[in-house]
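A.B. asks: Line by line, the protein sequences are chains A and B.
Here this note's numbering is used: the first residue of the first sequence is 1, the next is one more, and so on.
Here this note's numbering is used: the first residue of the second sequence is 1, the next is one more, and so on.
Each residue gets a CB set at the ideal place from its N, CA and C atoms; glycine is no exception.
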Amino acid sequence: CEEDLNINTNPNTPVGADKSFILTAAQGSIARVLGGDLTNLGGFLAQYHTQPGTASQYLEIDTYNMNTDYANRLWNELYAGALNDLEHVKKVSDEENDTGSYLIATLLQTYTYQVLTDLFGSIPYSEALLGAGNINPKPDAGETIYPALIESIDTALAKYNSDSVASTVGTQDIIYSANMSDWVKFANTLKLKMYLRMAYTSQANPTAVNALLAANNFISSDAKFSVYSAIKEENKNNPFYDVQIDRLGDVNNIASLSLLNFYTDNSDPRIDAVYRKNTAGLHRGIDSGDRASVASVLATAFSRPNIKPNTPVYLLTVSESNFLQAEALIRYAGGTGADAKYNAGVLNSFLTYGLTAAQANALTGSGGAYEYVPSATVETAVRQVMVQKWASLAYVNNIEAFFELTRTKYPEIKTFGTQNYTIGNLIVSRNSVLPAGQTPKTLFYPGDEVKRNSNLDQKASLTEKIWWDQK
Amino acid sequence: TTTGTSTDFDGRYSIKANTGATLVFSFVGYTTQERKVAASNSINVQLTEDTAVLEEVVVTALGIKREKASIGSAVTTVNTEELNEGSQTNLADAIKGKVAGVVISNSSTDPGASSGVIIRGFSSLGGSNQPLYIVDGVPISDGSRFSSSLNGGYDFGRGSGDINPENIESISVLKGASSTALYGSRAANGVIIITTKKGKSSKLDIDFSTSMIFSDLLRAPKYQDQFGQGWDGQHYLGENGSWGPRFDNSVIVWGNVVNNSQKLKPYAFQKDQLRNFFDIGESYITNVSVAGGSDTTTGRISVNNATSDGIYPTSADSYERNTLTLSFSSKLDFLTFGGSLNYVNTSGSAVATGQGLSVINNLMQIPTDIDITEFKDYKDPFNNVSNYYTPYGVTNPYFTLNENGSGYKKERVYGAFDVSAEINSWSSIGYRFGIDAYADNTIIWRAIVDADPGSPNDGTSTEESGAYSEANNIVKQFNHDFFYNLNLEASDKFNIESTFGFNYNDRFTTGLAASVSSQDIPGYYSLANSASTPITSSTISKRRLYGVFNSSTFSYNDMLYLTTNIRNDWYSTLPEENRSVLYGGVNASWIATNTFPEIKNVLSYGKLRLGYGETGVDTDPYQIDPVIVSGEIDNQGFRTLAFPAGGFNAFEIGNRAGNPNLKPERRKEFEIGAELSFIKNRISVDFTYYDAKVENQILNLPLAASSGYTNQTANVGVISNKGYEALLKLSIFRNSDGFNWDTSFNFSTNDAILEELDDRLEQVDLGGLSTVALVARKGQPLSLLEGSVAKRDPNGNIVVDANGVPVASPIKEIYGDTQYDYTLGISNDFSYKGFSLGFTLDVREGGLMFSRTADITRFTGNSITTTINDRNPYIIPNSVQEVSTGVFETNTTAIDSEHWDDYYRAEANDRENVIDKSFIKLREVIFSYRFSKNIIKKTPFEDLSISVIGRNLLLFTPESNQFIDPEVSTFGTDLNSQFGEFSANPSTKSLGVTLKARF
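Next comes the structure, spelled out in structure tokens:
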């Protein structure tokens with residue numbers, strides 16, 4: 001009898017699966033959040049797009065009124081999807097002494113935690129991912145998470161360097177096909193990004209940055225994820241394409257004049273890579289939040305994001321890496337060589353968008369609209385880098401653009417209609433419901449997490465600053 | 001010594017007895033008489049009906065018939081006449097309002113939709129709360145086939161809906177754990193024991209009945225009649241709402257320009273706009289049965305056909321059920337064998353509920369000045385998807401109704417086979433085999449919505465590429481019972497009946513599902529008709545249990561009864577160390593009027609009951625171990641990234657954490673009750689108080705995602721259910737040849753409280769939406785609604801934004817609980833000679849529910865509730881603005897016509913979408929005439945009656961509900977349904993006629 005009752009092993013799921021399959025799912029989860037919600041959210045906040053008068057799906061974002069439910073799905077996907085899957089990959093890699101895969105999983109975990117803490121500030125870290133062993137993980141402050149993340153990269157690198165085992169995951173690693181040298185470069189670039197994020201804090205670490213610059217081993221190819229079908233196919237396409245363009249009908253996101261005017265004013269050919277023209281064959285946008293002026297004009301009358309069914313989701317690009325190096329050189333090395341990195345940043349942005357080097361060089365070259373002007377003051381020099389970075393992250397990594405403008409205050413955010421607005425600035429959304437001049441700096445914790453995790457208290461407002469936002 | 005015999009059908013008997021001995025003549029429902037044996041060889045006795053104990057015999061555990069007097073827990077029996085007087089297709093609907101302590105809920109009145117049964121409140125947070133259905137001694141599946149998807153929900157009914165009420169002789173509803181313990185875990189929510197009709201010896205009955213019932217829309221949301229199409233106070237021809245200017249009755253153009261022409265209409269309110277869209281629904285039920293038998297063998301066959309077409313125009317909402325039943329029983333020497341076999345086939349189609357292009361969602365986004373029936377010709381150039389007046393994510397409802405659809409088919413066989421052998425006069429053994437197997441097929445399709453290039457709706461969110469999905473399932477259940485029965489008469493006063501048994505139950509489900517997200521050739525719906533990769537899944541589920549049990553009833557002198565039930569189960573679904581579960585119950589009853597016969601002048605019948613029982617409850621299969629699942633990554637709630645993709649496969653660590661320590665739930669219930677009748681049964685009362693606790697609640701516990709998992713099947717708390725059930729019957733007039741008037745009041749209350757909750761948790765989510773959720777909190781009534789409220793400054797003033805619209809607080813609050821305070825059924829039956837008139841009022845008081853119908857009609861400005869201050873500029877009283885963090889100033893910004901819509905859709909006002917679900921319904925009105933024997937004597941009929949039946953003819957709801965029939969739900973019929981509705985299809989009222997004849 002007893003034997004007959006031993007039928008409670010689920011026959012519908014595998015008992016075990018090679019870690020490579022799990023790694024792919026984790027990468028898919030990260031890409032889905034970065035390329036889905038965060039491309040949408042970041043696009044509003046970095047003013048690449050805004051909501052037309054004839055749609056209201058994302059009015060909450062457009063009016064700076066994101067509620068406590070806004071982040072439920074992305075939080076769940078990153079913690080229970082990506083991070084927990086990567087935890088498994090790390091564990092198995094350790095058991096198998098696969099130091100390569102351990103490094104890959106660590107880097108992806110670090111990247112994910114960095115996005116989470118940049119969005120929310122204090123988040124569960126040291127007590128996270130313990131399963132039923134701790135269902136109320138206490139949050140850690142961003143100030144402590146950043147150093148811990150960098151340390152985890154260093155530990156994984158040291159492990160790999162002392163016993164270099166090439167990862168066995170092969171092409172199931174969608175990003176770099178388990179090419180370990182690419183991943184080591186990714187590690188350095190990610191560290192550089194995180195050190196610079198701390199630039200305005202007491203934890204800024206010029207020594208560490210200079211060491212990275214000296215080693216000069218940053219990414220040489222974009223870290224991007226794509227398993228997406230080239231034809232329109234539900235549940236198989238780029239996450240922004242699948243939801244915002246296909247499922248919701250391409251009606252919610254139209255070009256914001258903040259970026260559209262910048263491209264137009266500079267005759268930047270990226271305008272056609274970033275936006276699709278309207279049905280009349282023209283580029284047209286509105287000021288962010290200015291939906292009232294076009295109350296009954298359909299989205300088809302405006303430029304819209306040029307995301308294709310198989311547009312990859314970028315985690316880190318060569319362009320971004322060069323801009324980071326340019327900023328680092330300006331801040332910590334007297335600016336020598338920053339111009340070359342700046343130019344390479346613009347150039348690689350063009351290449352990522354499928355444009356040519358010649359088109360980029362025409363703008364960065366002597367007399368071009370984007371010609372780098374060396375400057376004695378750090379801030380003036382940094383501003384050039386940051387404005388170009390903003391113009392190069394559109395639909396490449398929208399949320400990174402938001403983080404960077406929040407950190408550096410470049411491009412500047414002005415109140416609409418004031419004298420000091422110039423092209424290349426952002427404006428406060430015209431239908432903001434926040435007190436005058438304010439913009440969101442963070443998101444509310446997801447309601448689901450707050451309800452279920454008794455150690456996490458909701459924050460008071462969207463204008464609470466992230467710890468590295470100290471300029 | 002005592003000997004006994006039985007009479008044959010005609011009442012003849014023979015017995016050997018000595019002169020001077022006492023013969024005792026008894027029959028269920030009749031007064032027992034005693035006669036001394038004299039010299040004569042024949043003693044004739046006329047037994048008189050004992051009116052004290054009508055419906056004396058009830059079928060209790062395992063198909064054993066017991067005198068009702070012997071049962072120490074609340075059991076309600078509904079017989080075939082009561083059951084079928086309303087000609088209901090669905091058995092649960094047929095007992096609605098007839099059993100105290102039982103709440104029957106319908107997710108909708110769509111043809112074939114589910115009816116759920118909740119006995120004594122919700123006792124399980126995570127598992128099913130539906131009772132166990134036992135037909136002729138064997139359990140049958142009550143599985144449901146429904147989808148509560150917000151983007152297109154369907155309800156194809158529950159397994160219990162396959163039972164033909166016309167085949168039922170009686171239903172006994174066992175409510176308390178003291179009597180249900182014998183049935184194992186699934187009986188923890190009560191048991192509905194169904195005894196089917198059998199043939200009778202030496203008599204041939206041919207029964208025929210037919211019904212024809214017409215239905216109509218019961219409740220449509222009430223619309224404001226002042227403002228028409230537009231938004232922000234402006235008149236826009238493309239808008240899907242009524243935020244335009246005030247009606248002026250001028251003739252205006254409307255809709256899109258098509259071929260340089262445009263339609264004209266007055267800018268005026270359309271009365272009965274929604275009502276005019278709907279149709280008269282029709283349903284027909286026909287039933288024929290033949291029953292009869294010899295002294296030793298009886299048999300019965302019956303055929304039933306039920307069809308219905310709901311109130312949506314077209315047959316998009318329709319249902320058909322055919323049942324064929326065969327039963328026989330034979331007694332040969334010491335052996336009795338028999339069985340019953342039912343074949344059921346059902347088919348139907350349902351109209352999707354929810355958001356998006358559902359018909360109901362399309363309907364409710366039509367401004368109040370547009371006549372919906374204008375769109376009927378959906379291929380007309382003005383009405384087609386290219387030129388339909390609005391591009392905002394909705395389209396012509398007639399297009400959706402005609403072009404989208406669903407289909408459901410089910411073939412089912414269930415039945416019982418039993419054999420028993422008498423070992424001697426006081427013991428027997430038996431074996432019963434039960435089978436319940438069905439295969440079903442569900443298909444759902446959505447049409448391609450493709451506006452012509454360059455047309456007004458080209459490139460808008462209304463367009464979609466179509467979809468097709470198909471699912472096949474096979475569900476099987478085998479049940480074996482072995483019995484050993486004892487009936488010992490220790491003395492002439494003391495009797496013991498006892499049953500020992502062994503039960504083996506095996507359930508198996510397999511399913512295969514596939515869907516494609518586009519269709520290529522319009523009008524052809526198939527998995528093959530798509531260039532996209534199908535998403536497929538196949539699932540198998542197996543579970544088993546063994547049980548050994550004993551049930552014994554000890555009786556003393558027809559006045560004291562004690563029943564003990566004890567059972568040990570072994571479940572496959574629990575961890576090995578927790579798999580064996582022992583439980584049981586004991587109940588007692590005392591017939592006071594048999595102890596003190598002298599009080600019968602006042603108290604015609606008096607019985608007191610007392611019971612206590614426990615039941616162990618297992619869980620679904622595969623909840624113990626963590627799993628690895630195929631990669632399917634949610635994409636913002638609208639889509640997923642479904643692997644395999646781009647030539648790669650992926651698997652995820654499942655989001656459910658394992659739980660090797662899972663324990664069974666344990667239901668503990670105490671009850672006490674009394675059955676009293678006075679003045680020759682003119683007044684009778686049946687009263688019960690119960691106090692139940694379910695410990696170790698098994699719940700799919702939502703976990704904070706930061707733990708790495710989002711849920712775990714866990715034991716989390718204790719739910720208590722306490723309540724009263726009272727049935728008062730009054731025979732106001734009683735005259736067997738004249739006028740009769742009976743009134744009954746059927747009252748119950750149930751308070752479900754989450755008494756204890758895992759210390760690590762403040763509350764648990766049970767369902768609902770992200771905006772308004774269904775939750776449970778420790779110490780609070782079970783299932784609360786939680787949602788946003790307006791932010792307030794430290795002085796309690798409402799904080800408004802730059803437009804004067806309230807800002808939502810980041811902290812949500814509890815709106816209230818979803819439980820009824822009480823339910824009350826009031827029935828009145830009048831009869832005079834062959835005529836009878838009966839009506840039932842169903843009163844349910846208290847509780848909240850979410851209504852998306854409220855939400856959407858407030859969003860569109862159609863609802864009658866959207867005219868605060870006549871839509872003139874309005875400053876929220878006592879409101880402030882937050883000028884910088886924590887600094888508040890008196891608000892001087894009035895909500896203007898541009899922002900009235902923002903006010904009604906503001907998250908801070910979400911409470912307005914939650915309504916009081918109290919109602920009073922005129923549930924049933926039945927007027928019938930039974931032809932007198934004199935008239936039908938010369939006809940082939942033995943019995944003939946005709947009835948006119950009305951259902952749900954009137955509905956009264958409180959002020960806060962200007963929207964819907966609060967009985968509708970799109971979240972099934974279990975605990976989740978307490979959340980409310982997400983654009984449910986409207987409910988109906990109906991009127992029909994039934995003819996019943998016996999030959």
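(1) Which first and last residues belong to the beta strand (DSSP E) in which B:Ala513 is found?
(2) Please give me, in chain order, every unbroken run of the alpha helix (DSSP H) with length at least 4 that falls completely inside the region 332-372 of chain B.
(3) Closer than 8 Å by beta-carbon distance: list the chain A residues that pair up with B:Ser455, in chain order.
(4) Give the range of the alpha helix (DSSP H) segment to which B:Val602 is assigned.
(5) Determine the DSSP secondary structure at B:Pro131, reduced to helix, strand or coil.
(6) Is the Cβ-Cβ distance between B:Thr499 and B:Asn550 less than 8 Å?
(7) Contact defined as beta carbons within less than 8 Å: I believe B:Thr823 pairs with B:Val103. What is the distance between those atoms, to the nearest angstrom?
(8) Name, please, each residue of chain B whose Cβ falls closer than 8 Å to the Cβ of A:Ser226.
(9) Is A:Ser321 helix, strand or coil when you go by DSSP?
(10) Kindly say whether B:Glu665, judged by its beta-carbon, lies nearer than 8 Å to any beta-carbon of chain A.
(11) Step through the CB atoms of chain C and report whether any lies within less than 8 Å of the CB of B:Phe638.
(12) Identify the contact partners of A:Ile135 in chain B, using a Cβ-Cβ distance below 7 Å as the criterion.
(13) Starting from A:Ala292, follow the beta strand (DSSP E) in both directions and report where the run begins and ends.
(14) Are any of the Cβ atoms in chain B nearer than 8 Å to that of A:Trp505?
(15) Three or more C-beta pairs closer than 8 Å, one from the region 742-749 of chain B and one from the region 792-810 of chain B: is that the case here?
(16) When the Cα of A:Asp69 is compared with those of B:Thr890, B:Arg158 and B:Ser788, which residue comes out closest?
(17) Only counting the same chain, and skipping five residues up and downstream in sequence, which positions put a Cβ closer than 8 Å to that of B:Asp817?
(18) What are the partner residues of B:Pro781, as DSSP defines its beta bridges?
(19) What is the DSSP secondary structure of A:Asn6, counted as helix, strand or coil?
(20) Determine the direct distance from the alpha carbon of B:Val764 to that of B:Ala752, and round the result to whole angstroms.
(21) Going along the chain, which residues of its own chain have a beta-carbon closer than 8 Å to the beta-carbon of A:Thr201, five neighbours each way excluded?
(22) Buried or exposed: which applies to A:Glu77, given that a residue is buried once 16 or more other Cβ atoms fall within 10 Å of its Cβ?
(23) On a Cα-Cα basis, can you pick out the residue from B:Asn635, B:Leu603 and B:Asp492 that is closest to B:Ser24?
(24) Mind reading off the beta-carbon distance from B:Ser1004 to B:Thr296? Whole number of angstroms is fine, and I expect it under 8 Å.
(25) Which residues, taken in chain order from the region 563-590 of chain B, show a beta carbon closer than 9 Å to some beta carbon of chain A?
(26) Are B:Gln365 and B:Thr688 touching if we call contact CB-CB under 8 Å?
(27) Is the beta carbon of B:Ile15 less than 8 Å from the beta carbon of B:Thr22?
(28) Under three-state DSSP, which class holds A:Glu449?
(29) If you drop the 5 nearest sequence neighbours on each side, which residues of the same chain put their C-beta closer than 7 Å to that of B:Asn90?
(30) Does any C-beta atom of chain A lie closer than 8 Å to the C-beta of B:Ala352?
(31) Ends of the alpha helix (DSSP H) at B:Phe596?
(32) Thinking C-beta only, is B:Asn472 closer than 8 Å to B:Asn441?
(33) For the region 247-273 of chain A, list every residue whose C-beta sits within 9 Å of some C-beta in chain B, in sequence order.
(34) Which same chain residues, not among the five before or five after B:Asn18, have their C-beta less than 8 Å away from its C-beta?
(35) Just the Cα atoms here: how many angstroms apart are B:Gly939 and B:Asn735?
(36) So, for B:Gln262: in the same chain, excluding its five sequence neighbours on each side, which residues have a beta-carbon less than 8 Å away from its beta-carbon?
C.D. replies: So, from the data block:
(1) Where B:Ala513 is concerned, the enclosing beta strand (DSSP E) starts and stops at Phe494 to Val516.
(2) Whole alpha helix (DSSP H) segments, 4+ residues: 359-363.
(3) Contact annotation for B:Ser455 against chain A: no contact, minimum CB-CB distance about 11 Å [criterion: below 8 Å].
(4) It is not in any alpha helix (DSSP H) - B:Val602 carries neither H nor E in the DSSP assignment.
(5) B:Pro131: coil per DSSP, three-state reduction.
(6) Yes; because the gap between Cβ atoms is below 8 Å, this pair is in contact.
(7) The C-beta separation of B:Thr823 from B:Val103 comes to about 6 Å, placing the pair in contact by the 8 Å criterion.
(8) Per Cβ cutoff of 8 Å: Gly646.
(9) For A:Ser321, the three-state secondary structure derived from DSSP is helix.
(10) It does not: the Cβ of B:Glu665 has no partner Cβ on chain A nearer than 8 Å.
(11) Protein chains A and B are contained in the structure displayed, whereas chain C is not.
(12) Listed along chain B, the residues sitting closer than 7 Å to A:Ile135 by beta-carbon distance are Leu703, Ala704, Ser707 and Arg760.
(13) Where A:Ala292 is concerned, there is no enclosing beta strand (DSSP E), given that its DSSP letter is neither H nor E.
(14) Residue 505 of chain A lies beyond the residue range present for chain A, which begins at 1 and ends at 471; the question has no answer from this structure.
(15) Here the region 742-749 of chain B makes no contact with the region 792-810 of chain B; the two share fewer than three CB pairs at distances below 8 Å.
(16) Among B:Thr890, B:Arg158 and B:Ser788, the Cα nearest to that of A:Asp69 is on B:Ser788.
(17) Within the same chain, Cβ atoms closer than 8 Å to the Cβ of B:Asp817 are found at Gln780, Pro781, Leu782, Ser783, Leu784, Leu785, Gly847 and Leu848, the five residues on either side in sequence being excluded.
(18) When DSSP reads this structure, B:Pro781 sits in a beta bridge with B:Ile753.
(19) In this structure, A:Asn6 counts as coil in the three-state DSSP scheme.
(20) Note on geometry: alpha-carbon atoms of B:Ala752 and B:Val764 lie some 15 Å from one another.
(21) Closer than 8 Å at the Cβ level, and outside the excluded window around A:Thr201, lie Glu143, Trp467, Trp468 and Gln470.
(22) Result: buried.
(23) The sequence given here has Val at residue 24 of chain B, not Ser. The residue with the shortest Cα to Cα distance from B:Val24 is B:Asp492.
(24) Here chain B covers residues 1 to 999 and nothing more, so residue 1004 of chain B does not appear.
(25) Flagged, chain order: Trp570, Tyr571, Ser572, Thr573, Leu574, Pro575, Glu576 and Arg579.
(26) No, the pair does not count as a contact, with Cβ atoms beyond the cut-off.
(27) Cβ atoms of B:Ile15 and B:Thr22: not closer than 8 Å.
(28) When DSSP states are grouped into helix, strand and coil, A:Glu449 belongs to the helix group.
(29) Non-local beta-carbon contacts of B:Asn90 in its own chain, meaning distances under 7 Å to residues more than five positions away in sequence, involve Ser115 and Gly161 in chain order.
(30) No, its Cβ sits nowhere closer than 8 Å to a Cβ of chain A.
(31) Boundaries for B:Phe596: no alpha helix (DSSP H) harbours it, and the DSSP string shows neither H nor E there.
(32) Between B:Asn441 and B:Asn472, the gap from beta carbon to beta carbon is short of 8 Å.
(33) Against chain B - using a Cβ distance shorter than 9 Å - the residues of the region 247-273 of chain A are Arg247, Leu248, Gly249, Asp250, Val251 and Asn252.
(34) Within the same chain, B:Asn18 has close Cβ partners Val37.
(35) Rather than Gly, the amino acid found at residue 939 of chain B in this sequence is Thr. Those two C-alpha atoms are separated by around 28 Å.
(36) Cβ neighbours of B:Gln262 beyond the five flanking positions: Val253, Trp254, Gly255 and Asn256.
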